[in-house]
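Just so you know, the protein sequences line up as chains A and B, in that order.
Each number in the numbering used here comes from the position in the first sequence (counting from 1) with 16 added on.
Each number in the numbering used here comes from the position in the second sequence (counting from 1) with 572 added on.
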Amino acid sequence: GAGVSQSPRYKVAKRGQDVALRCDPISGHVSLFWYQQALGQGPEFLTYFQNEAQLDKSGLPSDRFFAERPEGSVSTLKIQRTQQEDSAVYLCASSLEDQPQHFGDGTRLSIL
Amino acid sequence: AQKVTQAQTEISVVEKEDVTLDCVYETRDTTYYLFWYKQPPSGELVFLIRRNSFDEQNEISGRYSWNFQKSTSSFNFTITASQVVDSAVYFCALSEVLGGATNKLIFGTGTLLAVQP
């Protein structure tokens, strides 16, 4: 498809489990962003890649959160030892260098 | 620090009414972008508009119009003759500009617009 693709759409995990969320950006988009959206709130920035380089990870809430984009295309957001407060929608966005960000449908993560 | 405030949590209107969504922002940057995104129940954020801080001209696109006023740090969004399909959460956002490229978006808390038939 032509848009940003995220998988899985929904993820349920038990507290303490590790999860991996995938983002497939629009082809050719060098910039890739991850955001976390809690219920009833606006998205909050987590991290930013330009190609394979992670240029800003200031929004990652703890060292349990890790993101990578090894070949400058697909990106994975990994959360280790999940906790209930990690429950949220995780949004991925991509863009050309000076263009607006285009978002995927998000992954809704529920931690039991 | 950068901040976006959307004071209206929820607005309900009847179809064909006009509605204005308010957005007030704070930034120390002289160069920045302002955005509006729409989030329907499906969850995807849909880009509506981007404005550069140097361009204060109002913009109209069909039933949508935007009023950017630097003097009051506001970037309001008006929907004319609202329709049921306009029902969604609308987010205003701010981005600094680094080296000519946009950076991370700072979002407001959103305004839920419900258009009743």
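Using N, Cα and C, we set each Cβ at its ideal position, and we do this for glycine too.
DSSP-derived helix/strand/coil call for residue i
| i | result |
| --- | --- |
| D102 of chain A | helix |
| K610 of chain B | strand |
| K642 of chain B | helix |
| V657 of chain B | helix |
| R20 of chain A | As written in the sequence, residue 20 of chain A is Val, which differs from the Arg given in the question. The answer is coil: DSSP assigns V20 of chain A none of H, G, I, E or B. |
| T681 of chain B | coil |
| L593 of chain B | strand |
| T603 of chain B | coil |
| Q688 of chain B | strand |
| Q586 of chain B | Note that residue 586 of chain B is Val in the sequence shown, not Gln. It is a strand residue. |
| I42 of chain A | coil |
| E668 of chain B | strand |
| E598 of chain B | strand |
| T650 of chain B | strand |
Residues near residue i by beta carbon distance below 6 angstroms, same chain, minus five either side
| i | result |
| --- | --- |
| E631 of chain B | W638 |
| D601 of chain B | E668 |
| C39 of chain A | Q22, S91, C108 |
| L37 of chain A | L93, Y106, T123 |
| T603 of chain B | S625, V669 |
| D34 of chain A | Q96 |
| P612 of chain B | A660 |
| F81 of chain A | I95 |
| P59 of chain A | Y51, Q53, L107 |
| F649 of chain B | L593, W608, W638 |
| E589 of chain B | S654 |
Close beta carbons around residue i, own chain, < 7 angstroms, minus the five adjacent residues each side
| i | result |
| --- | --- |
| V687 of chain B | V585, E587, S654, Q655, V656, D658, S659 |
| S645 of chain B | V596, Y597, E598 |
| E113 of chain A | V46, S47 |
| T577 of chain B | V596, G680 |
| S111 of chain A | H45, S47, Q117, H118 |
| K610 of chain B | V618, L620, A660, Y662 |
Beta bridge counterpart(s) of residue i as assigned by DSSP
| i | result |
| --- | --- |
| H118 of chain A | A:S110 |
| Q629 of chain B | Bridge partners of Q629 of chain B: none, in fact. |
| H35 of chain A | Checking the sequence, you will find Val at residue 35 of chain A rather than His. For V35 of chain A, which the question treats as bridged, DSSP gives the partners A:I95. |
| A29 of chain A | A:I127 |
| A573 of chain B | DSSP output for A573 of chain B lists no bridge partner at all. |
| R635 of chain B | Note: R635 of chain B sits in no beta bridge, so no partner. |
| L48 of chain A | A:F65, A:S110 |
| N624 of chain B | B:Y605 |
Neighbourhood of residue i by C-beta distance below 8 angstroms, restricted to the same chain and skipping five residues each side
| i | result |
| --- | --- |
| A83 of chain A | W50, L62, T63, F65, Q70, K73, L76, S91, T92, L93, K94 |
| A29 of chain A | V35, T98, L125, S126, I127, L128 |
| E628 of chain B | F640, Q641, K642 |
* In chain order, each beta strand (DSSP E) run of at least 3 residues that lies wholly inside the segment 51 to 98 of chain A -> 60 to 66, 69 to 72, 81 to 84, 91 to 95
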